[in-house]
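Report on the following structure.
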Amino acid sequence: MIRTQVQLPDELHREARRLAEEQESTLADVIRRGLEYMVRIYPRRADAGARWHPPAPRRLGSIRAPVEQWREIANEGPPAP
4 MIRTQVQLPD ELHREARRLA EEQESTLADV IRRGLEYMVR IYPRRADAGA RWHPPAPRRL
64 GSIRAPVEQW REIANEGPPA P
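According to this note's numbering, numbering within the sequence shown proceeds without interruption in unit steps and concludes at 84.
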């Protein structure tokens with residue numbers, strides 16, 4: 004078994020200790036069971052080891068605004084509904 008350290012927010016630590024007491028268990032067991040549950044509900048993806056690649060670029064057409072207006076257009080808010 005591997006020993007490790009984790010940092011828990013105060014409230015989560017209090018709740019985990021409360022749960023351990025109610026279950027007549029240890030804090031370590033509560034954390035271990037929680038991790039076992041998370042690993043079970045989030046199974047390893049088939050593509051987990053696959054390297055991500057950005058999508059291929061698409062031709063979107065030319066920009067119809069003059070270069071001098073690009074900065075202004077880029078900083079505009081979304082169009083009004």
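For each residue, glycine too, the CB sits at the ideal point set by N, CA and C.
Presumed contact (8 Å Cβ cut-off) between residue i and residue j, rounded CB distance
i          : j          : result
residue 33 : residue 23 : 5 Å
residue 76 : residue 68 : 6 Å
Cβ neighbours of residue i in the same chain (closer than 7 Å, five flanking residues each side left out)
i          : result
residue 29 : 23
Spatial neighbours of residue i in its chain, beta-carbon cut-off 8 Å, leaving aside the 5 residues before and after
i          : result
residue 73 : 66
residue 18 : none
Residue i: first and last residue of the uninterrupted alpha helix (DSSP H) it sits in
i          : result
residue 16 : 13 to 25
residue 36 : 30 to 44
residue 74 : 73 to 77
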